[in-house]
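Residue 134 in my numbering sits at position 134 of the sequence shown; the count goes up by one each step and never skips.
I have placed the structure first, in the form of structure tokens, so that the comments after it can refer back to it.
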Amino acid sequence: MATKKKVKVQPAYMIEEPNYLFPKYELKNTGTRIIYSVWGFFVFLGAALVTIPFLWMLISSMLPLDRIYDPLPALVSKPDLSLDNFKKAWEIAPFTLYFMNSVIVAVCVVLGQVIISAMAAYSLSKLKPPMYSVLIILFLSTIMIPFETIAIPLYLYMRDFSIAGLMKINLINSYWALILPGLANAVNIFIFKSFFDKLPDDFVEAARVDGYSETGIFFNIIMPVSKPIIVVVGIMNFVNIWNSFFWPLIVTNEPGIYTLMLGIYKIIEEGQPWNIVMAAVTLSMIPTILIFAFFQRHIMKGVVFTSLQE
């Protein structure tokens, strides 16, 4: 009986790549300085467009209601910032419940998406199943169809959910209605496939010779070297699910399973002051900010690798 050997793969993202985006030009040249100045202006403009709304929201969440519409002058003339709005925002609605609902849905969807998308991508990349081209076209077609187009049919399917027509179950107003539609994503499949295509086939063949099954190859060889891309896909989808509003609005009308975004929408409907709303929105952003802060290095590795072409 052949003894299985541990096959080690050197992650391709660890290979040093030249800096194509910002090469070291000689700044003594006038033309180069002008180019860098123009680039700097647009970088500053882009940063301002992204940052100013966030700063307005953050400052407004700590100001009295009568001062949030002109926060910067108010902040300079009388900086009476307070955290009371955050406490009020957390108390006026069951935000702990909404927060936990969002965590449950986002974590379940991300885990499902990573496993299902990675397995589908491995099959397309390394196994080349029959009707390979047809499958690629089908996956591409799902990307081209807006979600709003299929929202109503998907809602009806969740209402009359069945497997092979054996039994109908109404999944509306349940976690299943929030989780199941997000478990497969063609974009994620193509991201994983692009990563797997760049991994050498020799390692897969060597593992097969050593007695590994395709499942063993996937979990013991492919997935360990795919950590950067797993982090990228996981975080992108976590943020997407965390901020999701349209689908939860359609399939849930029970406060017990409201997600955080839907809970914020409900307090707006109730006519809560905008400084309280801004405080609630600020609180909802904390998890995504922390995730980006802690996983920034892995995100950059994955993004850089997927952007490089052999």
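Note that beta-carbon positions come from the ideal geometry of N, C-alpha and C, so glycine has one too.
Proximal residues to residue i (C-beta, below 6 Å), its chain only, five neighbours per side dropped
i	result
Leu65	Pro273, Asn275
Phe238	Ala106, Val110
Met278	Met57, Ser60, Ser61
His298	Pro228, Val231
Sub-8 Å separation of residue i and residue j beta-carbons
i	j	result
Asn185	Ser117	yes
Gly263	Phe86	no
Ile222	Tyr122	yes
Pro181	Leu156	no
Val204	Lys126	yes
Leu183	Gly234	no
Ile68	Ile267	no
Arg159	Asn173	no
Thr288	Trp242	yes
Ala280	Ala47	no
Residue i, DSSP secondary structure in three states
i	result
Ile267	helix
Phe245	coil
Phe295	coil
Ile169	strand
Leu290	helix
Phe95	helix
Gln309	Residue placement at Gln309 cannot be trusted, given a pLDDT of 42 that sits under 50; the coordinates are not used to answer.
Close Cβ partners of residue i (< 8 Å) along its chain, the five nearest in sequence each way excluded
i	result
Tyr265	Phe245, Leu249
Ala151	Phe246, Trp247, Ile250
Ile189	Ser117, Ala120, Ala121, Leu124, Phe139
Environment of residue i [buried if 16+ CB atoms lie within 10 Å]
i	result
Ile52	exposed
Pro129	exposed
Gln296	exposed
Phe192	buried
Met236	buried
Ser226	buried
Ala207	buried
Tyr212	buried
Ser141	exposed
Ser284	buried
Option nearest residue i by Cα separation, candidates the options
i	options	result
Ala120	Val107, Arg67, Ile136	Ile136
Met261	Trp56, Leu97, Lys88, Ser60	Leu97
Leu178	Met100, Val114, Phe196, Ile257	Ile257
Pro255	Gly31, Leu45, Tyr175, Gly271	Tyr175
Cut-off 7 Å between Cβ atoms - residues of its own chain near residue i, not counting five sequence neighbours on either side
i	result
Ser82	Met62
Val114	Ile230, Val233, Gly234
Ile143	Ala186, Val187
CB contact check: residue i to chain D, cutoff 8 Å
i	result
Phe44	Absent here is chain D; the protein component of the structure consists of one chain.
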